[in-house]
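Quick note on UniProt numbering: the sequence shown kicks off at 1 and runs consecutively. Every residue gets a Cβ at the ideal spot worked out from N, C-alpha and C, and that includes glycine. Shown next, in structure tokens, is the structure this report addresses.
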Amino acid sequence: GHYICTPTVPLSLAGLTQLINVTQDYRFLAVPERSPVKLHCSHSASGFYSMFWYQQKLGQGLTLMVLSSDTKPGNMEEGFKEWSMERPDTQNSYLSISQVGSEHSAVYFCAASDHSH
1 GHYICTPTVP LSLAGLTQLI NVTQDYRFLA VPERSPVKLH CSHSASGFYS
51 MFWYQQKLGQ GLTLMVLSSD TKPGNMEEGF KEWSMERPDT QNSYLSISQV
101 GSEHSAVYFC AASDHSH
């Protein structure tokens with residue numbers, strides 16, 4: 001069958017007053033086609049309320065998938081409606097899809113901010 005690889009990497013975001021750690025669970029993830037996938041992201045700062053998920057396909061730039069303010073799940077951007085985002089608290093976020101396909105093979109980045117942009 002076909003497999004999808006979705007590498008993710010730990011990120012650090014430097015602000016003027018503090019450094020926070022943004023962590024994603026998987027560096028690489030390979031799953032069978034049509035399987036469900038759930039990606040997790042967390043960050044270390046309680047005051048950072050906005051979380052973002054981006055997709056980067058091979059040879060392309062980052063594309064915003066979803067922005068979540070506070071603990072609201074956020075509305076998926078156009079082109080990503082088959083995905084959903086859960087936001088159980090201000091420091092955690094989950095990005096899910098019920099059936100992956102080869103078209104979802106990409107790098108997925110999570111970011112956190114104390115602003116909504």
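Pairing PRO73 with GLU82 gives a Cβ-Cβ distance that is not under 8 Å.
By the Cβ-count criterion, LEU19 is exposed, with fewer than 16 other Cβ atoms from all chains shown falling within 10 Å of its own Cβ. Straight-line spacing of the CA atoms in TYR49 and TYR94 works out to 15 Å.
Contiguous beta strand (DSSP E) elements confined to the UniProt domain "Ig-like" (7-117) occur at 11-14, 19-24, 30-32, 37-43, 50-56, 62-68, 83-89, 92-97, 107-113, taking only those with 3 or more residues. Taking the CA atoms as reference points, TRP53 sits about 16 Å from ASP89. For the set SER44, GLN99, PHE109, ALA112, the Cα lying nearest the Cα of SER35 is the one of GLN99.
For LYS38, the CB contacts under 6 Å within the same chain, skipping 5 residues up- and downstream, are TYR94, SER96 in chain order. A direct Cα-to-Cα measurement between SER44 and THR23 gives close to 9 Å.
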